[in-house]
């Protein structure tokens with residue numbers, strides 16, 4: 266949604282509330298976009314995202330341990346070979 270600076274100043278609380286709810290609001294000055302208001306980075310509502318279908322919740326809690334493998338050759342040797350050195 267686009268909003269002019271003048272209208273934003275007049276109804277700032279309402280627009281901030283909409284932005285906090287996840288809506289992206291483009292602020293315009295004389296019809297030219299100058300800023301975007303939105304929720305804080307990392308503050309996505311995970312329940313709403315899952316309900317909307319663009320996020321799938323994890324089925325397993327935590328990370329599973331991975332098996333380590335012993336190196337056959339040193340990493341530097343493989344890099345040099347890959348670079349043709």
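Numbering (the numbering used here), first residue to last: 266 to 350. We put the beta carbon where it would ideally sit given N, CA and C, even for glycine. All values reported here derive from a predicted model rather than from experimental measurement.
Other residues of its chain near residue i: CB distance less than 8 Å, five sequence neighbours each side excluded
{"i": "residue 268", "result": "280, 290, 291, 292, 293"}
{"i": "residue 339", "result": "none"}
Cβ pair residue i, residue j closer than 8 Å
{"i": "residue 322", "j": "residue 316", "result": "no"}
{"i": "residue 328", "j": "residue 320", "result": "no"}
Whole-number beta carbon distance between residue j and residue i, since they are thought to touch under 8 Å
{"i": "residue 287", "j": "residue 298", "result": "Not a contact, Cβ separation roughly 19 Å."}
{"i": "residue 273", "j": "residue 284", "result": "Actually they are not in contact, since the Cβ atoms of residue 273 and residue 284 sit about 10 Å apart, beyond 8 Å."}
Those residues which DSSP pairs with residue i across a bridge
{"i": "residue 269", "result": "293"}
{"i": "residue 300", "result": "292"}
Sequence-distant residues of its chain with Cβ nearer than 7 Å to residue i (five each side left out)
{"i": "residue 300", "result": "292"}
Close Cβ partners of residue i (< 6 Å) along its chain, the five nearest in sequence each way excluded
{"i": "residue 266", "result": "290"}
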